[in-house]
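Asker: One structure, as structure tokens, below. Some questions next.
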Amino acid sequence: MKKLFLTGIIGLKLCSSFAQVVPEPLQYHCFRSTEPLKIDGKLSEPAWQKAKWTSFFVDIEGDKKPKPLQATRAKLLWDDTHLYIAAELEEKNIWAYQNKKDQIVFLENDFEVFIDPDGDAQNYFELEINAINNTFDLFLPKPYRNGGNALISWDIKQLKTAVSIEGTVNNATDTDKRWVIEMAIPFASISLDNYLNKPEDLSLWRINFSRVEWNHDVQAGKYSRKKKEDGQGVLPEYNWVWSPQGKIDMHMPENWGYLVFSDKKVGAEDFDFSIPDIEKVKQIAWDIYHHQKEYFAKNHQYAKELSLLAIDPTVLKTSELVHSIEIEATSQAFVITIIDKAENNKIFLNQDSLLKISKLKSL
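Dropping the structure here:
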């Protein structure tokens, strides 16, 4: 076991030869609705009119890829029982044929929501919806990268969704304008183990949104995904997201954006919110995690010393946050342990993306 103590040093930086560069997660400040909302896809209530849009979506990999061809944005509200999400998707060709519940709707154009209420990258939820208001919801006990098996039989009970269309659906003879999604997700339906995931003022969730967009062909008046020139399969999809992931993988919950709940009513003045130090310390653990995974891919074993992961102690910048970092590893497993200074927490993260936080009595 190797332990690194951080004292009087001014930074933490992991060598860029390992692990992807992850943009800083975005924030959305979610205010309370001032009225009941009719889920009809029209967003006509004053509460929706006052709610701010997110920034326009970008490529999932971030700035290193071109800007999306069509605009997408979202907005959110909440009340005592529901999280409300709306999205606007510009689209010149609106099409969707998947019309049965829990079909794999991302095999056509869709909009996707990813929610991790406690921010531990475990036990998170995904909801997909297409232009004909067909949904696909699933529960992930852990990410696919760690052997997580999606529970497709799981449903968001009493979920309400609606889609409105400016244009036509499945009509290739005209040019469409946009489709708008509205949904109401009951907090009780995304809660586990008798624990109600009901936010409070300044509660912090991890969330992200993704739009899957395919190049298309039209044959006999019907849309389909565009095939490659050699006829072997279809062209890859576009992935346009709110908070960029850094790589083509939505199932990296540690890279999602932050949803900050406010008890203020929508229309109130926005506020500054600093991400808590514990989140910054967790991100250090995730950085080391990804370095370990890339080290394993090259060496077929995990590093037993931080120095093997190219952590440069001369550029460490988190002495004000971190007291110590430990790494324990065998050839097939590892545990990262970080003790923070500000809140006296011990953070554990292992090779299976299992993140745990415990409180210490004293350092």
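When we follow numbering that gives the first Met the number 0, the leftmost residue of the sequence shown carries the number 0, and every step to the right adds one.
Heads up, the beta-carbon is just placed ideally off N, CA and C, and yes, glycines get one too.
#1: In chain order, which continuous runs of the alpha helix (DSSP H) of length 4 or greater are located wholly inside the stretch 26-64?
#2: Ignoring anything shorter than 3 residues, give me the beta strand (DSSP E) runs that lie fully in the stretch 319-348, in order along the chain.
#3: Where do the ends of the beta strand (DSSP E) carrying F124 lie?
#4: Less than 9 Å between the beta carbons of D175 and K91, yes or no?
#5: Taking 9 Å as the threshold (C-beta atoms), are K303 and H326 in contact?
#6: Within 10 angstroms of the Cβ of Y222, are there 16 or more other Cβ atoms? Answer buried if so, exposed if not.
#7: Suppose the cutoff is 6 Å on Cβ atoms and the five residues either side in sequence are ignored; what does the same chain contact list for N349 look like?
#8: In the structure shown, what three-state DSSP assignment does S369 receive?
#9: Answer yes or no: do K373 and F30 have a C-beta to C-beta separation smaller than 9 Å?
#10: State yes or no: is the C-beta of N169 within less than 9 Å of the C-beta of A95?
#11: Would you kindly check if the distance between the Cβ of L76 and the Cβ of L36 is under 9 Å?
#12: So, at 8 Å on beta carbons, what are the nonlocal neighbours of V240 in its own chain, with the 5 sequence-adjacent residues on each side left out?
#13: Under three-state DSSP, which class holds Q218?
#14: Identify the continuous alpha helix (DSSP H) that holds D248 and give its terminal residues.
#15: For W204 and A219, what's the separation of their Cα atoms in angstroms?
#16: Rounded to a whole number of angstroms, what is the C-alpha to C-alpha distance between P140 and N148?
#17: Looking at the unbroken alpha helix (DSSP H) that takes in K91, where does it start and where does it end?
#18: Nearest to P363 by CA position, among D79, P243, V259, is which residue?
#19: Please classify W52 as buried or exposed, where buried requires at least 16 neighbouring CB atoms within 10 angstroms.
#20: Which whole-angstrom value describes the C-beta separation of E107 and Q97, a residue pair presumed to lie in contact below a C-beta threshold of 8 Å?
#21: How would you call S306, buried or exposed, if buried means at least 16 neighbouring beta carbons within 10 angstroms?
#22: Under the assumption that S54 contacts L25 (Cβ atoms under 8 Å), give the Cβ distance between them as a whole number of angstroms.
#23: Taking a contact to mean a Cβ-Cβ separation below 9 Å, would you say P69 touches E293 in this structure?
#24: Which residues bound the alpha helix (DSSP H) around A120?
Answerer: Taking the coordinates as given:
#1: For the stretch 26-64, whole alpha helix (DSSP H) runs of length 4 or above, ordered along the chain, are 45-49.
#2: 321-328, 333-339
#3: Mapped onto the sequence shown, residue 124 falls at position 125. Element bounds for F124: 123-128.
#4: Position 176 of the sequence shown, counted from the start, is the residue given in the question as residue 175. Position 92 of the sequence shown, counted from the start, is the residue given in the question as residue 91. Taking 9 Å as the Cβ cut-off, D175 and K91 qualify as a contacting pair.
#5: For this step, residue 326 is matched to residue 327 along the sequence shown. For this step, residue 303 is matched to residue 304 along the sequence shown. A small fix is needed here, since residue 326 is Ile in this sequence, not His. Cβ atoms of I326 and K303: closer than 9 Å.
#6: Against the sequence shown, residue 222 aligns to sequence position 223. Its Cβ being crowded by 16 or more others within 10 Å, Y222 is buried.
#7: Here residue 349 corresponds to residue number 350 of the sequence shown, with the count starting at 1. Annotation for N349: V334 place their beta carbon closer than 6 Å to its own, counting only its chain and skipping 5 residues before and after.
#8: Summary: the structure shown does not reach residue 369, with the chain confined to residues 0 through 362, and so no result is reported for it.
#9: Within the shown structure, residues of the chain are numbered from 0 to 362, placing residue 373 beyond reach of any answer.
#10: Position 170 of the sequence shown holds residue 169. Position 96 of the sequence shown holds residue 95. Yes, Cβ-Cβ distance for N169 and A95 is below 9 Å.
#11: Along the sequence shown, one-based indexing puts residue 36 at 37. Along the sequence shown, one-based indexing puts residue 76 at 77. Yes.
#12: Locating residue 240 in the sequence shown gives position 241, counting from the first residue. Same-chain partners within the cutoff: F56, V57, D58, I59, N207, F208, S209, R210, M249.
#13: Within the sequence shown, numbered from 1, the residue matching residue 218 stands at position 219. Strand.
#14: Within the sequence shown, numbered from 1, the residue matching residue 248 stands at position 249. For D248, there is no enclosing alpha helix (DSSP H), as DSSP gives it neither H nor E.
#15: Position 205 of the sequence shown, counted from the start, is the residue given in the question as residue 204. Position 220 of the sequence shown, counted from the start, is the residue given in the question as residue 219. So the two alpha carbons sit approximately 46 Å from each other.
#16: As a working mapping, residue 140 is identified with position 141 in the sequence shown. As a working mapping, residue 148 is identified with position 149 in the sequence shown. Distance between the alpha carbons of P140 and N148 is about 7 Å.
#17: Residue 91 sits at position 92 when you count from the first residue of the sequence shown. Where K91 is concerned, there is no enclosing alpha helix (DSSP H), given that its DSSP letter is neither H nor E.
#18: For the chain, the structure presents residues 0 to 362; residue 363 sits outside this window and is missing.
#19: One-based indexing of the sequence shown puts residue 52 at position 53. It is exposed - the Cβ of W52 has fewer than 16 other Cβ atoms within 10 Å.
#20: Here residue 107 refers to the residue found at position 108 when the sequence shown is read from its first residue. Here residue 97 refers to the residue found at position 98 when the sequence shown is read from its first residue. Sure, about 6 Å apart at Cβ, within 8 Å.
#21: Reading the sequence shown from its first residue, position 307 is the one you call residue 306. S306 should be labelled exposed.
#22: Residue numbering aside, residue 54 sits at position 55 when the sequence shown is read from its first letter. Residue numbering aside, residue 25 sits at position 26 when the sequence shown is read from its first letter. Contact holds; Cβ gap of about 7 Å.
#23: Taking the first residue of the sequence shown as 1, we reach residue 69 at position 70. Taking the first residue of the sequence shown as 1, we reach residue 293 at position 294. Reading the sequence as shown, one finds Gln at residue 69 and not Pro. Not closer than 9 Å, so no.
#24: Within the sequence shown, the letter at position 121 stands for residue 120. A120 -> no alpha helix (DSSP H), and no H or E assigned at all.
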